[in-house]
Amino acid sequence: MRRLTIPAVFIAVAFVQTAPLGLHLTTHVPFGNYPTATTVRWEMWTLWWNSDRLTHGYLDYWNAPIFHPNPAAFAYSEPQWLTGLAFGVILLLADSPPLAYNAILLAILALNGWSGFFLLRQLRFPLGAALAGGILVEMLPLAADQLGVVQTVVLFPCIMALACLVQFRRDGGFGPLLRCGVWMAVCFHTASHTALLFGPVAVAGYLVLCWPPRRLLAPIAALGLCGALVVPIAVGQLGALSGLDMERYRSEETIRRTSARVDDYAKMPATNWLRQRPPDWRGHALGFGVAVWPLALAGIWFGLKNRCYRRWALFCLGAVLGCVLLSFGPRLDAPWNAPYELLRTYYSGFEYARNLWRFAGLAQLFVALLAVLGLVWLGRRRWVQCLVVLIVAIDWLSAPVPLLKWEVPTQEWVQWLREAPPDTRIVHVPMVASGRADRFDQTTYWMNCQMYHGRPIANGFASFVPQHVHALSRIMEGFPNASSISALRRFQISHVLVESDWFMERAEQFEIWDEHLALEKVTADVRIYRVVSSGNVKEAFEN
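Under the numbering used here, think of the first position of the sequence shown as 4, with each following residue one higher.
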């Protein structure tokens with residue numbers, strides 16, 4: 004009975020912290036605490052592309068139909084292959100993108116909680132404390148804040164990897180470390196950026212929890228197994244990106260801009276039940292809340308005092324401090340930036356890291372685990388433990404969550420594109436290629452429409468935006484003119500979809516270029532022009 008009851012608890016908590024999502028599983032999706040739905044639309048498109056390639060045997064996996072004519076557009080973001088596989092299976096069975104997305108999200112939250120419970124039981128924590136700890140792990144503030152970014156919510160592979168390290172210290176043998184390697188690979192295939200950030204934490208965990216090292220071949224075998232499981236995606240992605248100068252996208256200023264600020268740690272999610280506020284783009288909500296700290300501090304004191312928990316307490320405390328410092332990235336001066344500079348210099352792949360504020364999610368995880376030590380310190384007073392956990396849970400609860408209604412696009416232009424020849428390649432204008440994520444809200448909506456019409460677009464949104472898209476965006480600001488029409492022909496874009504409001508501002512300009520732009524469809528919100536494949540652009544410009 005317990006085997007069913009405990010998972011049911013974590014599933015119930017997942018529904019509570021995403022309320023009222025449970026009432027709208029087939030019609031709405033949560034988009035976290037962002038002012039716009041940019042990120043959740045992007046996430047939905049990413050998972051859709053994975054499911055689409057699943058039905059084609061992953062043929063042309065990297066050649067996603069955005070950023071035309073770029074041949075490897077899917078390599079510009081985290082592929083989330085394993086999450087996409089699960090999404091694809093559910094989508095094939097249910098034929099409902101929002102239901103598939105919500106099922107994945109709720110499963111991830113429940114698995115976060117269950118894995119926290121499993122880890123604490125491996126550490127020989129009492130059943131009640133382990134269950135309470137799992138609930139706290141599931142309800143981390145950053146997870147609630149990032150409900151619209153699935154890969155940021157995924158923590159269970161990291162937690163299971165730590166559980167395997169605990170098993171290795173207790174039992175030895177190759178099995179636990181091999182399983183640790185598998186879980187690190189799972190982390191990569193669900194949230195590759197989290198795997199990159201968690202890597203140094205996992206190494207520190209091995210050194211602290213498993214010292215002195217035994218069976219030196221075991222960690223080597225674990226690394227080899229992890230590498231073998233990661234290689235198919237990692238090599239494919241690196242190969243697709245091999246022609247890029249990635250440094251231009253990861254300048255010191257870019258990393259600084261996507262790192263945490265001190266005041267970020269004073270903010271809780273905008274939907275926090277006790278601190279509700281309008282969502283904004285000013286920094287990130289990385290706060291730990293108030294109620295957890297007395298419990299965590301008691302846990303540190305209790306853990307350091309007791310030999311059986313000392314290593315675990317030291318590791319968690321070090322992980323909290325290290326992750327908080329790393330979250331600031333280059334914003335800190337010496338000597339506080341030493342962990343960042345160390346990883347930047349010696350940790351392969353870290354030069355491509357972005358959004359270092361996501362280290363705060365790992366810091367919150369370890370604070371929650373320290374708080375469980377505080378629960379153990381409270382002893383057998385169950386009612387006190389329950390009361391304390393309830394207070395922390397209320398302090399962390401972020402509900403109701405904002406929901407986006409998912410609608411199958413019924414616009415005439417979507418149907419027109421669906422019936423257009425397969426070689427139709429389009430660009431939507433006005434075109435956006437840079438700026439804050441909210442500027443891409445319309446772009447990601449067009450990407451969602453692409454899920455239904457299937458035609459390649461020159462627009463797109465990703466972690467990296469190719470240079471040719473930046474260039475085309477600047478040129479298309481003057482559309483229609485000589486340079487923009489020449490660029491469309493050079494990029495082999497056959498059709499331009501012009502927003503009606505944008506057209507009204509340039510109606511006279513379109514008349515000048517009517518020999519080069521053939522009007523093929525007019526709807527309430529879009530005008531579709533075919534780019535004439537030949538013509539004297541210079542002559543039209545002079546006229």
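All residues carry an ideal CB built from backbone N, CA and C; glycine is no exception.
Simplified DSSP assignment, three categories, for residue i
| i | result |
| --- | --- |
| T179 | Here the sequence assigns Pro to residue 179, which means Thr is not the residue at that position. Note: P179 maps to helix in three-state DSSP. |
| E250 | Per-residue confidence for E250 stands at a pLDDT of 47, beneath the threshold of 50, marking its modelled position as unreliable; no derived number is given. |
| K308 | helix |
| I9 | helix |
| I496 | coil |
| I429 | strand |
| I460 | strand |
| E545 | Any reading at E545 must be qualified, since the residue scores a pLDDT of 39, below 50, and its modelled position is unreliable; the value itself is stated next. The answer is helix: DSSP assigns E545 an H, G or I state. |
| D528 | coil |
| V185 | helix |
| N484 | coil |
| E523 | strand |
| V234 | helix |
| E81 | coil |
| G538 | With a pLDDT of 49 at G538, under the threshold of 50, the predicted position of this residue should be treated as unreliable, and no value is reported. |
| L150 | coil |
| A17 | helix |
| P23 | coil |
| T38 | Inspection of the sequence shows that residue 38 is occupied by Pro rather than by Thr. It is coil, neither helix nor strand. |
| R533 | strand |
| S351 | coil |
| L158 | coil |
| E502 | strand |
| N275 | strand |
| V293 | coil |
Candidates the options, of which the one nearest residue i by Cα
| i | options | result |
| --- | --- | --- |
| T446 | A371, M434, G438, G481 | M434 |
| H71 | V295, L491, F291 | L491 |
| I515 | D528, S503, V499, F482 | F482 |
| R522 | Q154, V501, R509, L88 | Strictly speaking, residue 522 in this sequence is Leu, with Arg absent from that position. Comparing Cα positions, the closest option is V501. |
| M454 | P68, R124, S489, Y61 | P68 |
| L548 | P38, A76, P216, L199 | Here the chain has residues from 4 to 546 only, and residue 548 is not among them. |
| P272 | L289, E256, V265 | L289 |
| R218 | F171, T427, C229, P235 | F171 |
| R509 | R493, T526, R530 | R530 |
| P459 | R428, P469, T41 | R428 |
| L28 | P100, R44, V169 | P100 |
| L368 | P424, A146, Q83 | A146 |
| P144 | N66, Y64, N36, S118 | N36 |
| G136 | I394, L372, Q512, Q470 | L372 |
| P469 | E46, A75, I14, V16 | A75 |
| L26 | P403, E422, Y312 | P403 |
| T526 | F353, G457, L420 | L420 |
| P179 | K524, A221, W45 | A221 |
Check whether residue i and residue j have beta carbons under 9 Å apart
| i | j | result |
| --- | --- | --- |
| V375 | G302 | yes |
| R259 | G332 | yes |
| V204 | A322 | yes |
| T21 | L94 | no |
| L328 | P342 | yes |
| E1 | S262 | Because the chain is modelled from 4 through 546, residue 1 falls outside the range shown and cannot be assessed. |
| V295 | V211 | no |
| A224 | F177 | yes |
| D528 | S489 | no |
| V157 | T197 | yes |
| T193 | T86 | yes |
| P23 | L108 | no |
| D380 | F305 | Per the sequence presented here, residue 380 reads as Trp, with Asp not at that position. Yes; because the gap between Cβ atoms is below 9 Å, this pair is in contact. |
| I138 | A337 | no |
| F120 | A133 | yes |
| D444 | R44 | yes |
Whole-angstrom C-beta distance between residue j and residue i, which should lie under 8 Å
| i | j | result |
| --- | --- | --- |
| R140 | G116 | What sits at residue 140 in the sequence shown is Val, not Arg. The Cβ separation is near 6 Å, so the contact holds. |
| N275 | S401 | 5 Å |
| I478 | S486 | 5 Å |
| L365 | F201 | 6 Å |
| M378 | L298 | Checking the sequence, you will find Leu at residue 378 rather than Met. Right, the Cβ-Cβ distance comes to about 7 Å (below 8 Å), so this counts as a contact. |
| L520 | F494 | With a Cβ gap of about 15 Å, L520 and F494 do not count as contacting. |
| W315 | V432 | About 57 Å separates the two Cβ atoms, so there is no contact after all. |
| K408 | T30 | 6 Å |
Check: residue i C-beta below 8 Å from any heavy atom of the ligand FMN
| i | result |
| --- | --- |
| Y343 | The ligand FMN is not among the ligands present in this structure, which contains no ligands whatsoever. |
Counting Cβ pairs, one atom from each stretch, are 3 or more of them under 8 Å apart for the region 409-417 and the region 460-467? The way I'd put it, the region 409-417 doesn't touch the region 460-467; fewer than three beta-carbon pairs between them come closer than 8 Å.
How do the region 124-142 and the region 348-365 stand: do at least 3 beta-carbon pairs fall below 8 Å, yes or no? A contact is defined here as three or more CB-CB pairs under 8 Å, and the region 124-142 fails this definition with respect to the region 348-365.
Indicate whether the contact test is met: 3 or more Cβ pairs, each with one atom in the region 178-193 and one in the region 152-166, closer than 8 Å. Touching, yes.
May I ask you to verify whether the region 46-58 touches the region 99-110, counting CB pairs closer than 8 Å and requiring at least 3? Taking one beta carbon from each stretch, the region 46-58 and the region 99-110 have 3 or more pairs nearer than 8 Å; the two touch.
Pairs of beta-carbons, one from the region 381-394 and one from the region 175-184, closer than 8 Å: are there three or more? No, they do not touch.
Would you say the region 54-61 touches the region 437-446, given that touching needs at least three Cβ pairs under 8 Å? By the Cβ test, the region 54-61 is not in contact with the region 437-446, since fewer than three Cβ pairs between them sit closer than 8 Å.
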